[in-house]
Structures are given as structure tokens and as C-alpha cells.
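Protein sequence lines correspond, in order, to chains A and B.
Under our numbering, the residues of the first sequence are numbered 5 to 272, in order.
Under our numbering, the residues of the second sequence are numbered 5 to 272, in order.
Every residue, glycine too, gets a C-beta built ideally from N, C-alpha and C.
For reference, the structure discussed in these notes is given below.
Protein chains: 2
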Amino acid sequence: MGDFWKMGSATKLLLLSITLHFLILISHAFAQSIIQISPHKIPNRKIRVDDDGLYCDSWRFSVETNDAGIWSYIPSRCVKFVQDYMTGDRYSSDSDVVSGFCLDFIKTFNVSSDGKDAWVFDIDETLLTNVPYYEAHGFGSEIFDEKSFDDWVDLAEAPALPASLNLYNELKQLGFKIFLLTGRSEFQRNATVKNLLFSGYSGWEKLILRSHLDQGKLATVYKSEKRLELVNEGYRIHGSSGDQWSDLQGFAVAERSFKLPNPMYYIA
Amino acid sequence: MGDFWKMGSATKLLLLSITLHFLILISHAFAQSIIQISPHKIPNRKIRVDDDGLYCDSWRFSVETNDAGIWSYIPSRCVKFVQDYMTGDRYSSDSDVVSGFCLDFIKTFNVSSDGKDAWVFDIDETLLTNVPYYEAHGFGSEIFDEKSFDDWVDLAEAPALPASLNLYNELKQLGFKIFLLTGRSEFQRNATVKNLLFSGYSGWEKLILRSHLDQGKLATVYKSEKRLELVNEGYRIHGSSGDQWSDLQGFAVAERSFKLPNPMYYIA
């Protein structure tokens, strides 16, 4: 190092300049290597096969298409996924797009003057959303507790699912007769009516709840029987909206059935 | 600058050292600022309400649940989304999870020795994947061109969908009778058999294609009629796998139906 100070000024400047350029180059190369790794790592984390997000999205596909069959609670690794889905933009976006397809459909025909054009709505997770309840109960990761859910129903504070409220009002304005067909029981009629009015619904033709004769029936059977009664009364059920396949399948099914999203629970 | 060379060696070294440290610090700060912006920008782009990704994912929900009804081609804003879905990890992950539910189901019962336990598979986008064809045809954004698709079928080069090949082999090993029920026509029998063998399938009980009597029938009707023939022959159809609802619905339906993903096209 002592030899450096014995060199001429021009040589010193040249050496100093080379050293500085070399150091700057190393720093930039180091920075570059981080920058290149960084964006590469982020998308990869989202699409890795063992990633919970990828698995849970696929689990949701199987649940929503009914491929999963009967299930009791969501996989523990998907609690955060379902929470993000229900409370973020995706749940409302999915519901909005389903409602959009309903609106496209109803705009294609004229409502008859005989008052027999009908639409059937389920209530929970269809007209009303129980997200405030499930937020306090692990978003479907806990076994369903009938007592605590009944207490929640009694509060009559479930908000409307905005996509459904919009569709409901469009149908009403077009002259459809609206039937509400729910798995809730007769003893919950008052709380249910109160909640529906509170959240903005009105003017339905009939609210059908489980009577003591319907207790213990599979939802598919109970709901099919009730739809058949409507058909026998001369109603043409053009559409049916529900978050469960048991709202839509069976017999006396609607001309078009619309499955709304619900990755939180399953009703057979 | 001339003054620098007049300083003592120790002072020169100190100044040089300070300058170098300062330069390294600046380089690191520059690198850091890029790194911090990068991961912040990527997730935010995915969750914006007006984002095509959010809309297209919701469109896919409506398509896969059959809420969308009849459709001819994918929305132009979703071409990139469908391409990413089909060629990335999501399509294979969704198919794998569906197959997992099939495997859970078949493990629950004993196959009878009477040889009448049956499973029905569709072919296109079920046993075989036509992604190489759709890659060259806009992933469903172009109107279906029968001529060019028939040319592709003649090549007999469609790969197996790995999730289905695995399920197929498990069913065969358990003693299920496997029926292949496709919308392809009789004139495509040789190419279809060649393709199935080429991609790893063998040992099916029967390959059913559209005869001239089946031309023009809705897929749901044609496939229901063929399933009914199997039922009338004494087969118990425990499961049915298909990417279209018309593979699964109608009459003589399977005990359990498994909807595989297909956001590229719709068959009524």
C-alpha cells in the first residue's frame, strides 16, 4: 500500500477511479441479483403445489361444484383462505356475477299477466348473509352449533347480500311472484320476517319454513316437495337461487338454477 | 482535487474509506427501494375490484357451477386469465383435488364379484386434455371450428389428464367396469382408441361414440340415453366424471357425479 503514495498523481487518479467503478459495479450486481430473485419468488409462492392458497382454491372448486359430497367443516388449513374469501372482494364479486347471469336470463322473456311467473329464493347465504355470525365461529371451521345459530337468528340482524337484494327488486318490479323457501323452522317465522324487512326485503308472495311435518327430512326432499306444491298450484318456477345444491336439485326444479357461493358449510 | 495529494497518508486513507462506504450505502439504499416496491405492487394488482383477474375468476365460478347457462366463447378480457389457469398450476390442482374426492368415495365400498360396478368417463377434457389444440386457438376465445378440431382428433396426440389417468387405473385395479361415453362420432373411433392407448389408457369395457342416430341430439339427452342402456343391462353406475354438466345431468345419473374444470368451452 505504501507504493501507492509514491505514484504520480495521474496514475493515482486512474487507480482510484478503477477501484470505485469496480465497487459500484459489484454493488449494482448485488442489487440486481436481489431484484431478480424478488419478483420471481413472489408469484412462485402463490402457485406452489403445496401452497395452502392453491389447495384451498381447488378445495373450494370441489365444494362449489358439489364434487366434495357431504362435508362437516372446512379444512383447518383453509380457515384463513375462507376468511379472506368471505370478507374480501371475491365473495361479493362472485355473487355479483351470478346475479348478472340471472338478470340476463329474466330480461329474455315477458312476464305473463296471469301472475304465475315465479322465482324461488333460499334465505341464509342467499338473501341474507350470516358472515357476522361465522366471523365469530371460525368461518365454518367449527362444528355447526344449532343453539348459538338460533340465538343469532333471533337477533334478526343479518345483512342483505347486496347482489341478491338487487336481483330481488328487479324481479319484483318485473312482476314475478317471489317465494322464499328456507330450511329455518316455523318457530323462527317472526324473527325471519323481522330480519328480511330490516335488511330491505319486502313484497314476497309466501315465506315457506319447515313445519313439524318437515323436520328430519333432507333439505333436497323438503324443498322439492314445496316446489312441487307451487307447480301444482300453477306456478311456473323460472328461476331458483340458493347457496346449496340442496336448494336447487331434486324434483320440480326451476327452469334455471343459480348456485351462489358458500365455502363455509354444507347442507344435504 | 490537487489538495488531496498534499495530505498525509492516514488522512488520504480515511477520506478514501469514507467515500467508498458512502457509495456502497447509496447503492444498497437504491436496491432496497426497488425491493420494497416490488412485492407491494404484485399482490395489490390481484385484488383490485376492477381487475380483470377478479372478474374472470368470478366468471369462472358461474361457468363451473353452470350459472352462466349456454355460452359460445370466453369473454375477451379473460383470454389471458384462462390461458394462465389452463397452463399454470391451477388446472392440474383443481383436477387433482376432484380426483382425490373420487378416490375417497370409491374406497368406501367393496366392488361386487358380479362385474356390474361401473364408472363412466367422458373423454375430451376428462381423460384427455386438448390444451395443445386450444393453445393454438385462443383458449376458447374463438368460435369452435369443427373441421380444425377433427383434424386435431385425427392426430391422436392429446395427452392424458394426469389426475384422471391415476383415477382410471385405481378404478380398474379395484375391479370397476369402465365405460367411455364421448360426444365424438363413430368415424373417430380409430383415432380415439389410438389416442387413448398412446396416452396410457387401456382395459375399458366399452367405448361409446355418437352413431348416426345420435347426431343432433343434445349431449345431455344422448349421454342419459346411453347411461340408461347400461342401467338396463344391470350395471350400477357409481360414478361419472366429466368436464361438462351435460356429461353428468339428465336421467340415469350416477350415484355420484364429478365435475372436472373446463373454462374453455360449453356443450349443451
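- Counting only unbroken stretches of 3 or more residues, no beta strand (DSSP E) element lies wholly within the segment 152–183 of chain B.
- Contact annotation, T186(B) with D128(B): C-beta distance approximately 7 Å; criterion of less than 8 Å satisfied.
- K263(B) has a beta carbon lying within less than 8 Å of a beta carbon in chain A.
- Taking a Cβ-Cβ threshold of 9 Å, none of the residues of chain B is close to F148(A); the smallest such distance is about 21 Å.
- For F262(B), the beta-bridge partners assigned by DSSP are S245(B).
- Not a single CB atom of chain A sits nearer than 8 Å to the CB of V124(B).
- Here K181(B) is buried. Its C-beta has 16 or more other C-beta atoms within 10 Å.
- Taking 8 Å as the CB threshold, E68(B) lines the interface with chain A.
- Between the segment 92–108 of chain B and the segment 222–237 of chain B there are fewer than three C-beta pairs closer than 8 Å, too few to call the two in contact.
- Apart from sequence neighbours up to five positions away, the residues of its chain that approach I147(A) with a beta-carbon distance below 7 Å are S76 and Y77, ordered along the chain.
- DSSP lists R214(A) as the bridge partner or partners of S189(A).
- Bounds of the beta strand (DSSP E) holding F125(A) are D121 to F125.
- If you draw a straight line from the Cα of L165(A) to the Cα of P136(A), it is about 12 Å long.
- Here A167(B) is buried, its C-beta having at least 16 other C-beta atoms within 10 Å.
- In the three-state scheme derived from DSSP, where H, G and I count as helix and E and B as strand, L132(B) is classed as strand.
- Between D247(A) and T69(A), the C-beta spacing is not below 8 Å.
- If you check each beta-carbon in the segment 62–94 of chain B against every beta-carbon of chain A, the ones closer than 8 Å belong to S62, W63, F65, S66, E68, T69, N70, D71, A72, G73, G92, D93 and R94.
- Our two residues, L264(B) and V67(B), have alpha carbons roughly 12 Å apart in a direct line.
- Around L159(A), no beta-carbon contact reaches into chain B at under 8 Å, the shortest distance being about 30 Å.
- For the segment 98–120 of chain A, the beta-carbon criterion of a distance under 9 Å to any beta-carbon of chain B is satisfied by D98, S99, D100, V101, V102, G104, F105, C106, D108 and F109.
- Contact of R240(A) with chain B by beta-carbon distance below 9 Å is absent, the smallest such distance being about 18 Å.
- Annotation: the continuous alpha helix (DSSP H) that includes D61(A) extends over D56 to E68.
- Against chain A, the CB of R260(B) has a partner CB under 8 Å away; the residue lies at that interface.
- In terms of Cα proximity to K227(A), the closest of G73(A), F65(A), G238(A) and S250(A) is S250(A).
- Under DSSP, R240(B) forms a beta bridge with D121(B).
- Under a 10 Å Cβ-count criterion, D108(A) is classified as exposed, with fewer than 16 other Cβ atoms of the shown protein chains found around its own Cβ.
- Here S97(B) carries a helix assignment [DSSP, helix/strand/coil].
- By the Cβ-count criterion, Q87(B) is buried, with 16 or more other Cβ atoms from all chains shown falling within 10 Å of its own Cβ.
- Interface annotation, L58(B): in contact with chain A, CB-CB separation under 8 Å.
- In this structure, S152(B) and V83(B) do not form a Cβ contact; the two beta carbons are roughly 18 Å apart against a cut-off of 8 Å.
- Here F113(B) carries a coil assignment [DSSP, helix/strand/coil].
- DSSP places A195(A) within a helical segment (H, G or I) once states are collapsed to three.
- Counted as a single uninterrupted DSSP element, the alpha helix (DSSP H) harbouring Y89(A) occupies residues V83 to T91.
- Scanning W63(A), A272(A), H242(A) and E229(A) for the CA closest to the CA of T112(A) turns up H242(A).
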